[in-house]
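Below: one structure, written as structure tokens.
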């Protein structure tokens with residue numbers, strides 16, 4: 025991987041940084057959510073910036089990456105965001121959604137977790 029020089033990288037919410045000034049990316053583990061996805065360590069700045077974008081989407085802007093990898097990464101990030109959102113839904117609302125829309129959110133959660141954990145079978149049908 026080679027860092028693209030002099031590319032302006034969006035961090036989200038109006039924050040931008042030059043690609044060659046980023047020295048490290050660290051996913052936020054605790055209190056992660058909208059607006060808080062990644063710590064971005066910048067050359068000559070003591071504390072990291074907080075980015076609302078994931079480390080993989082920022083990395084995709086920084087380095088030369090094949091389009092297929094960027095698209096696959098974006099799809100996985102979307103699945104993670106959907107999973108995070110579904111897990112915030114309470115059991116009563118899940119039950120109501122299942123009854124009214126015939127949409128089983130628990131099955132969707134299981135399937136997303138399989139995909140994110142790379143436990144997918146190409147010929148599987150759910």
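Numbering (this note's numbering), first residue to last: 25 to 150.
Beta carbons are placed, not taken as given, at the ideal position from N, Cα and C, and that holds for glycine.
Keep in mind it's a predicted model, so treat the numbers as computed, not measured.
### Query
Is the beta carbon of residue 61 less than 8 Å from the beta carbon of residue 52?
yes
### Cβ shell of residue 8 (< 8 Å), same chain only, five flanking positions each side left out
Residue 8 is absent from the model: the chain starts at 25 and stops at 150.
### Query
DSSP state of residue 95, grouped into three classes?
helix
### Query
Taking DSSP as the reference, what is the three-state secondary structure of residue 77?
coil
### Task
Along the alpha helix (DSSP H) that carries residue 132, what are the first and last residues, could you check?
Residue 132: member of the alpha helix (DSSP H) spanning 129 to 140, first to last residue.
#### Entry: Residue from 66, 125, 108 and 85 with nearest C-alpha to residue 133
108
### Beta-bridge partners of residue 42, as assigned by DSSP
32
### Query
Opposite residue 57 in the DSSP bridges: which residues?
60
### Query
So, helix, strand or coil for residue 66, using DSSP?
Looking at residue 66 - three-state DSSP - the assignment turns out to be strand.
### Query
I think residue 31 touches residue 85, with their Cβ atoms under 8 Å apart; what is that distance to the nearest whole Å?
About 7 Å separates the two Cβ atoms, so the contact holds.
### Message
Alpha carbons only, please: which of 140, 29 and 33 is nearest the one belonging to residue 97?
### Response
Residue nearest to residue 97 within the set 140, 29 and 33 is 140 (criterion: CA-CA distance).
### Sequence-distant residues of the same chain with beta carbon closer than 6 Å to residue 79, five excluded per side
49, 51 and 62
### Task
Identify the continuous alpha helix (DSSP H) that holds residue 121 and give its terminal residues.
Looking at the DSSP string, the run of the alpha helix (DSSP H) that includes residue 121 is 115 to 125.
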